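Peer 1: So the protein lines, in turn, are chains A and B.
So that you can map any letter, position 57 of the first sequence is 56 in numbering that gives the first Met the number 0, and since no number is skipped, the others follow by simple counting.
So that you can map any letter, position 142 of the second sequence is 141 in numbering that gives the first Met the number 0, and since no number is skipped, the others follow by simple counting.
Glycine included, every Cβ here is placed at the ideal spot set by N, Cα and C.
Keep in mind the model is a prediction, meaning the values are calculated, not measured.
I'd like to ask you about the structure that follows.
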Amino acid sequence: MNSPSGKTIWITGGAGYLGTPTTIALDQCCAKVLCIDLPGKAAALVKSANLQHTVPVELDVNDPATLPAAVAALIAEHGAPDGLAHLTVATSMGHTLEDLPAETFQATLDRSLVPTFVLCRELAKSMQASGGGSLVLFSSMYGLVPPDKHAYREEMKPNPIDYGVSKAGMIQLARYLAMHYGPDDIRVNCIAPGPFPNPVAQAANPDFVNTLNQKTMLRRIGRNNEMLGPVLFLLSDQASYVTGQTLSVDGGWTAW
Amino acid sequence: MTNPFSLEGKVIVQCGGTGLLGRELVKAIGQAGATLVVGTRDPSKFGPDLERAREARVEVQVEKLIVSDEDSVNAFRDAVLAKNGRVDGLVYNTVSRPMKGERPHADEWRDSMETNATGLYLTMNAFVEVMEKQPTGGSIVNISSMMGMVGPNMANYEGTDMKPAPDYFFHKSGMINVSRYYASVYGTKGVRCNVVSPGGIFNPEAPQPDAFLEKYNKRTMMGRMANADEMNGAVIFLLSDAAAYVTGINLPVDGGFTGK
Chain A
0 MNSPSGKTIW ITGGAGYLGT PTTIALDQCC AKVLCIDLPG KAAALVKSAN LQHTVPVELD
60 VNDPATLPAA VAALIAEHGA PDGLAHLTVA TSMGHTLEDL PAETFQATLD RSLVPTFVLC
120 RELAKSMQAS GGGSLVLFSS MYGLVPPDKH AYREEMKPNP IDYGVSKAGM IQLARYLAMH
180 YGPDDIRVNC IAPGPFPNPV AQAANPDFVN TLNQKTMLRR IGRNNEMLGP VLFLLSDQAS
240 YVTGQTLSVD GGWTAW
Chain B
0 MTNPFSLEGK VIVQCGGTGL LGRELVKAIG QAGATLVVGT RDPSKFGPDL ERAREARVEV
60 QVEKLIVSDE DSVNAFRDAV LAKNGRVDGL VYNTVSRPMK GERPHADEWR DSMETNATGL
120 YLTMNAFVEV MEKQPTGGSI VNISSMMGMV GPNMANYEGT DMKPAPDYFF HKSGMINVSR
180 YYASVYGTKG VRCNVVSPGG IFNPEAPQPD AFLEKYNKRT MMGRMANADE MNGAVIFLLS
240 DAAAYVTGIN LPVDGGFTGK
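In structure tokens, the structure reads:
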């Protein structure tokens, strides 16, 4: 089957809106899941969803300085993982392009691309020793195409440029790492989600949701349980010859 | 939780099932729980494969299908419906490679057009017509190739008598974009349409020459050709409800050949 059955998987942002159904699905097929999120979030999910194989981990994966020691400690305690789903995001929502301070743009990259690189390098090192693995990074449709200015109402701020640039960087990070670690049987791929606004955002902007619907071939926004299939597939041995690729899960947003 | 990749309860139609890749798909789609109907030019040739499928405890229906012949395609579709009442997935794996070499006669180009272009068109139309009327829609998975994405690297073929022909590059590329067309036009009807683009597949029965393997393998990220069964996961993923929000994509399964 396409699931990463019996494996040890780490998922960052695993207790967020997009991560939660995936963490629950991983819990049901994996030997062990490390659900990494901000303080309290992962533990709350493990409790509320009654997860049996999931260890909640409080860790700020966006800090490259503390990552290597934190990763080493987790590996020492739980062993080398077979796979990583890296959902954590860094963004500067709320700025217009004109208002975005240069330091904020810099901070977004510092808290997304740089720590992702450090995290992947640390995990790949352990996977080299354990015989391979699968790293799944998260890009976005906005790492492939810019947000459509015309889709936003006057008072709304379009999805910011530093976010899109960091998400575009994920795609190249995946390709570069895939090339570098291919001989070690470590596969690296990206998922580029389309529109998956959370329920709060949906309720606040019903007209905007309708605009998003119309920008996909399926004429609807994504549901958060529609991300688990692509993640499980790329983590599993059924994707053993898939590497260096970006899989769009966007209802056709980027295909027209 | 139910297995999101299960094809249990789904009727899947696979066109072309006797080749290296097709044989593996037959087994895997059947094992994923689908009711599988294989359309093939000469069902009698499918005998040994049917045996293999049965050994793998997979029940397969086999029907005659000549994809370039509209009457044959429609008769095939009617036979599938008469037996199963519905069609949830279509895998277009039929391919014809009549051209050899770089500049064969245009008649061979026309011949290639019949199966690889007209056949694809007729088959997708016949089954999309069924899927668009079903409340649950359907999923089309077209088997293209990395050769529909990039040109041939002729250095790979030096020292061998292998000669990539131009029609393959034309049809596999066209297949990728016409799939986006079907994804868009039928998206509102719940029909998804995606492509899997395999990289080079190692043939254990007739191995590619060493001179080719040595160069080709280095041009993948993983340092090897694909095994024939390594396309199964991608096809089953795209057929299944696990890919409910995936449409209009091309998924290369090429060990990183096109990722570099």
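(1) Assign R56/B to one of two classes, buried (16 or more other C-beta atoms within 10 Å of its C-beta) or exposed (fewer than that).
(2) Exposed or buried, which one is V129/B when buried takes at least 16 other CB atoms within 10 Å?
(3) What's the gap between the Cα of A241/B and the Cα of A30/A?
(4) Can a CB atom of chain B be found closer than 7 Å to the CB of V32/A?
(5) Per the contact definition of three or more C-beta pairs closer than 8 Å, is the segment 153-164 of chain A in contact with the segment 106-123 of chain A?
(6) Strictly below 9 Å CB to CB, what residues from chain A border G29/B?
(7) Taking 7 Å as the CB-CB cut-off, is G100/B touching chain A?
(8) Look up A191/A in the DSSP assignment and give the residues it is bridged to.
(9) Shorter than 7 Å from the beta carbon of V45/A to some beta carbon of chain B?
(10) Alpha carbons only, please: which of L118/A, H179/A, L172/A is nearest the one belonging to L73/A?
(11) From T135/B to A33/B, what does the alpha carbon distance come to, in whole angstroms?
(12) Do you know how far the Cα of Q171/A is from the Cα of I185/A?
(13) Step through the CB atoms of chain B and report whether any lies within less than 7 Å of the CB of G82/A.
(14) Under 9 Å Cβ-Cβ, which residues of chain A neighbour R179/B?
(15) To the nearest angstrom, how far is it from the Cα of A41/A to the Cα of T65/A?
(16) Who does Q133/B pair with in a DSSP beta bridge?
(17) Residues of chain A with a CB under 9 Å from the CB of R9/B: which are they?
(18) Between T242/A and chain B, is any beta-carbon pair separated by less than 7 Å?
(19) Is there a C-beta anywhere in chain A that falls below 7 Å from the one on S183/B?
(20) How many whole angstroms separate the CB atoms of V72/B and A125/B, which I take to be in contact at a CB cut-off of 8 Å?
(21) Sort R51/B, A27/B, G158/B, G147/B by Cα distance to A210/B and report the nearest one.
(22) Can you look up E54/B in the DSSP assignment and give me helix, strand or coil?
(23) Taking the alpha carbon of S5/B as the point to measure from, which residue in N92/B, N231/B, T219/B has its own alpha carbon closest?
(24) Under 9 Å, CB to CB, which of the residues in the segment 102-133 of chain A have a partner in chain B?
(25) So, helix, strand or coil for I74/A, using DSSP?
(26) Taking C-alpha atoms, which residue in F232/A, V56/A, A177/A lies nearest to G13/A?
(27) What in chain B is Cβ-close to V248/A, meaning under 9 Å?
(28) Say whether chain B places a C-beta atom closer than 7 Å to the C-beta of G221/A.
(29) Any idea what DSSP makes of T95/A, helix, strand or coil?
(30) To which residues of the same chain is D62/A closer than 7 Å at the C-beta, ignoring the five residues directly before and after it?
Peer 2: In brief:
(1) Flag for R56/B reads exposed.
(2) Looking at its Cβ environment, which holds 16 or more other Cβ atoms inside 10 Å, V129/B is buried.
(3) Taking the straight line joining both Cα atoms gives about 21 Å.
(4) Interface annotation, V32/A: not in contact with chain B, CB-CB separation never under 7 Å.
(5) Judged by Cβ distances under 8 Å, the segment 106-123 of chain A makes contact with the segment 153-164 of chain A, as three or more pairs qualify.
(6) Within chain A, no C-beta atom comes less than 9 Å from the C-beta of G29/B; the nearest is roughly 14 Å away.
(7) Interface criterion not met: the Cβ of G100/B is under 7 Å from no Cβ in chain A.
(8) As DSSP reads the structure, A191/A sits in a beta bridge with S247/A.
(9) Contact of V45/A with chain B is not assigned, every C-beta pair being separated by 7 Å or more.
(10) Looking from the CA of L73/A, the closest CA among L118/A, H179/A, L172/A belongs to L118/A.
(11) Straight-line Cα distance between these residues: approximately 16 Å.
(12) Cα-Cα distance, rounded: 16 Å.
(13) No, its Cβ sits nowhere closer than 7 Å to a Cβ of chain B.
(14) Correct list: M216, G251, A254, W255.
(15) Spanning the two alpha carbons is a distance of roughly 20 Å.
(16) Per DSSP, none; premise fails for Q133/B.
(17) Residue identity check: residue 9/B is Lys in the sequence provided, not Arg. Going along chain A, no residue has its Cβ under 9 Å from K9/B, so there is no contact; the nearest lies around 15 Å.
(18) With 7 Å as the cut-off, T242/A counts as an interface residue toward chain B.
(19) Answer yes: the Cβ-Cβ gap between S183/B and chain A drops below 7 Å somewhere.
(20) Rounded, the Cβ-Cβ distance is 5 Å, consistent with contact.
(21) Cα-wise, what sits closest to A210/B is G158/B.
(22) E54/B falls in the helix class under three-state DSSP.
(23) Nearest of N92/B, N231/B, T219/B to S5/B, Cα basis: N231/B.
(24) Flagged: no residues at all.
(25) If DSSP states are grouped into helix, strand and coil, I74/A belongs with the helices.
(26) Ranked by Cα distance from G13/A, the options F232/A, V56/A, A177/A are led by V56/A.
(27) Think of a sphere of 9 Å around the beta carbon of V248/A: the chain B residues whose beta carbon falls inside it are A242, Y244, V245, I248, in chain order.
(28) Yes - at least one Cβ of chain B is within 7 Å of the one on G221/A.
(29) In this structure, T95/A counts as coil in the three-state DSSP scheme.
(30) Closer than 7 Å at the Cβ level, and outside the excluded window around D62/A, lie P114.
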